[in-house]
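Quick note: the working numbering has the sequence shown finishing at residue 130, numbered continuously throughout.
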Amino acid sequence: MESSNPTESTTQVENLRDKVVQAIKQVYDPEIPVDVYELGLIYEITVYPVNNVYVQMTLTSPNCPSAEYIPTEVKDKIQQIQGINNVEVEVTFDPPYSQDMMSEAAKLELGFL
């Protein structure tokens with residue numbers, strides 16, 4: 018039964034967004050031992066009330082050898098979440114990636130701190 022309570026609907030979207038983030042954290046650039054979320058490659062995650070997900074992301078460089086693999090794996094991981102309908106992953110290079118986008122945990126793992 019669908020809820021007409023806006024607070025409950027918002028909570029469901031937030032819980033689903035958390036699951037999307039956890040799914041994305043399972044994806045790694047094969048050359049870097051840090052997940053793509055902590056690397057700062059994810060620019061935007063939008064979960065719509067109908068459980069469609071839009072992800073805007075980048076890669077470490079336009080010539081990244083994993084350019085085909087990483088966005089496809091992000092999409093596949095999100096689609097495995099129960100209740101997800103449609104997933105769209107868009108790759109952009111605007112703004113270009115920089116190491117400043119990494120989380121503190123990623124910088125620590127890679128020896129930048």
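We treat Cβ as the ideally placed atom computed from N, Cα and C, and that holds for glycine.
Nothing here was measured: the structure is a model prediction, and the numbers come from that model.
Could you spell out the range, first to last residue, of the beta strand (DSSP E) harbouring T77?
Run containing T77: none; DSSP gives neither H nor E here.
Short of 8 Å in beta carbon distance, which residues of its chain neighbour E107, apart from the five on each side in sequence? Order them along the chain.
Cβ neighbours of E107 beyond the five flanking positions: Y71, V72, Q73, M74.
For the alpha helix (DSSP H) containing I101, name the first residue and the last one.
Per DSSP, I101 lies in no alpha helix (DSSP H) segment and is marked neither H nor E.
C-alpha distance - F110 paired with M119, whole-angstrom precision:
If you take the alpha carbons of F110 and M119, they lie about 16 Å apart.
How many Å lie between L130 and K124 at the Cα?
The C-alpha of K124 is placed about 6 Å away from the C-alpha of L130.
Do you know how far the Cα of Q99 is from the Cα of E19?
Unreliable placement is indicated for E19, whose pLDDT of 44 sits below 50; the coordinate value is still reported in the next sentence. C-alpha separation (whole angstroms): 16 Å.
Please go through the same chain and pick out, in chain order, the residues whose beta-carbon is closer than 7 Å to the beta-carbon of S21, but skip the five residues on each side of it.
Note that S21 scores 48 on pLDDT, short of 50, meaning its location in the model is unreliable; the coordinates nonetheless yield the value given after this. Once the five neighbours on either side are set aside, S21 has no close Cβ partner at all.
If we call anything under 9 Å between Cβ atoms a contact, is K36 one with V53?
Result no, Cβ atoms of K36 and V53 do not sit closer than 9 Å.
Reducing DSSP to helix, strand and coil, say where I41 ends up.
Looking at I41 - three-state DSSP - the assignment turns out to be helix.
Could you spell out where the alpha helix (DSSP H) holding V53 opens and where it closes?
Its alpha helix (DSSP H) spans residues 53–56.
Considering only C-alpha positions, which residue in the set E121, S78, Q96, I95 is nearest to D46?
Taking only the C-alpha atoms, the option nearest D46 is S78.
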